[in-house]
Amino acid sequence: MTETPCASATPNLLTDGGDLPPVVVKLGGARAVDPAGAVGDVAHLVANGRWVVVVHGGSTEVDDQLEALGREPEYVETPGGVTGRFTDEDTMEVFEMALPGKLNTELVVGLRNAGVDALGLSGVDGGLLAGPRKSAVRVLEDGKKKIKRGDHSGRIDAVNDGLLSGLLADGYTPVLSPPMLGEESDGDVAAVNTDADRAAAAVAGALGGELVVLTDVAGVYEDPDDADTLIGAVDTPADFEALESAAEGFMTRKVMAAKEALEGGAAAVYVSDANVRDPIVAALDGAGTRIDRAAVVEPGSDAGDDDAEGVEQ
């Protein structure tokens, strides 16, 4: 099991061909994200010998199910300005039904119909994603910093990359979703929420893979209202600093996840449009925003930053 965000114990894990790292695909859970193109691309990559791990979220489905039960989803803002879901006990029950239940099953069925030997897993299975539970989070309400208790979320600090690499070597394509395995203060464990972008980042770092984050926009823009300001290549620390400054809203968390992936051992991160033709292949070929490891990690350095905080999505 590899601890994150430190460099992976298997940073050079490669496909059978020996020359390409695995691809970790983060598929967004928003209504505007159509998984059909990604499913076809996964099938194409796997048929050509590339190892692929799919990680998916599902915040929209969780919200829909909560509203069907007459409950309002609760989102909070951290002191750092990041907005995320507050997961109380009732929300956690819906979360478990929606992600590893409904959405993961649907995605596995779609991939198997495309000829992929897909295997559905949650972060709880085999301790794939593990770390301390956060039962209280720091939030910003009416301009004041407060502690909000009763949360069911966690911070990933270990990935069972041995299990994933074994499945990949046996010809399976893992399809992974939250929840993660949260470690309680008394030593027990529980299923808790974790952000799917950061889960994908942890997996990509542990496997030394390339992370493709598919979303409902073309990438990160200098000006989100101007499609001509797409940031293409991010190759240097100065480029990454500019990227962080440009990211707004939901993109802030994706840039945070990109940094964690690269610090953890990922080779590169791509943020790109899920709804274009051949979205994964297009991203790997340069569409969207590409973030090189050198933009975050100095060559020869031991990367690791465990100070990132936030409420999980």
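Under the numbering used here, think of the first position of the sequence shown as 1, with each following residue one higher. Just so it is clear, CB atoms sit at the ideal spot from N, CA and C, and this is done for glycine as well.
Residue i and residue j closer than 7 Å at C-beta
i: V39; j: A114; result: yes
i: L211; j: V24; result: yes
i: A191; j: P174; result: no
i: D336; j: V33; result: Since the first residue of the chain shown is 1 and the last is 313, residue 336 is not available in this structure.
i: P73; j: D64; result: no
i: L168; j: V124; result: no
i: S272; j: A261; result: no
i: A218; j: G288; result: yes
i: D186; j: T87; result: no
i: E67; j: L103; result: no
i: A270; j: R290; result: Contrary to the premise, residue 270 reads as Tyr rather than Ala in this sequence. A contact, by the Cβ cut-off of 7 Å.
i: K26; j: V276; result: no
i: S122; j: S59; result: no
i: A43; j: V116; result: yes
i: R155; j: P132; result: yes
Residue nearest to residue i in terms of C-alpha spacing, selected from the options
i: K134; options: G143, I147 and G123; result: I147
i: E298; options: L107, G264, P179 and R253; result: G264
i: H56; options: G127, G101, A268 and D225; result: G101
i: V46; options: A287, I280 and G288; result: I280
i: A36; options: L107, T60 and N48; result: L107
i: E77; options: L111, I291 and F250; result: F250
i: V189; options: D170, S153 and G70; result: S153
i: L355; options: G120, K254, P79 and A68; result: Since the first residue of the chain shown is 1 and the last is 313, residue 355 is not available in this structure.
i: D142; options: P79, E183 and S165; result: P79
i: Y75; options: D41, V109, G28 and L140; result: L140
i: L321; options: I291, N193 and V52; result: Since the first residue shown for the chain is 1 and the last is 313, residue 321 is missing from the structure and cannot be characterised.
Extent of the continuous alpha helix (DSSP H) to which residue i belongs
i: A257; result: F250 to G264
i: D90; result: E89 to E96
i: M166; result: Checking the sequence, you will find Gly at residue 166 rather than Met. Where G166 is concerned, the enclosing alpha helix (DSSP H) stretches over D161 to A169.
i: P279; result: P279 to L284
i: R198; result: A196 to L207
i: G37; result: A36 to A47
i: E241; result: P237 to A246
Limits of the unbroken beta strand (DSSP E) element including residue i
i: A268; result: A268 to D273
i: D323; result: Residue 323 cannot be examined here, being either before or after the span of the chain that is shown, 1 to 313.
i: A295; result: No beta strand (DSSP E) holds A295; DSSP gives it neither H nor E.
i: P174; result: T173 to S177
i: V23; result: V23 to L27
i: L111; result: First-last for L111: N104 to N113, but that is the alpha helix (DSSP H), not the beta strand (DSSP E).
i: T215; result: E210 to T215
i: R138; result: L129 to E141
i: V53; result: V52 to H56
i: A191; result: V189 to V192
Cβ shell of residue i (< 7 Å), same chain only, five flanking positions each side left out
i: L163; result: G126 and L128
i: P11; result: With a pLDDT of only 37 at P11, under 50, the local geometry of the prediction cannot be trusted, and the value read off the model is given with reservation. Closer than 7 Å at the Cβ level, and outside the excluded window around P11, lie G208 and G265.
i: A295; result: V234, D235, T236, P237, D239 and F240
7 Å Cβ cutoff, residue i in contact with chain C
i: V39; result: This model lacks chain C altogether, as it is built from one protein chain only.
Close Cβ partners of residue i (< 8 Å) along its chain, the five nearest in sequence each way excluded
i: M1; result: G127, A130, A158, V159, N160, D161 and G162
i: T105; result: G120
i: G310; result: At G310, the pLDDT of 36 sits below 50, so the modelled position is not reliable; the number obtained from the coordinates is stated separately. Answer for G310: T78, G80, V82, G84, D195, R253 and M256, listed in chain order.
i: A267; result: P21, G208, G209, E210 and R293
i: A227; result: A218 and Y221
Close beta carbons around residue i, own chain, < 6 Å, minus the five adjacent residues each side
i: D16; result: Its pLDDT being 45, under 50, D16 is placed unreliably by the model, and the measurement read from it follows with that caveat. Cβ neighbours of D16 beyond the five flanking positions: G49.
i: R71; result: none
i: G166; result: none
Examine the Cβ distances between the region 205-223 and the region 239-246 and report whether three or more of them are shorter than 8 Å. Contact between the region 205-223 and the region 239-246 is present: 3 or more CB-CB pairs across the two stretches fall below 8 Å.
Counting Cβ pairs closer than 8 Å, one from the region 198-205 and one from the region 83-91, do we hit at least three? Touching, no, given that fewer than three Cβ pairs across the two stretches are closer than 8 Å.
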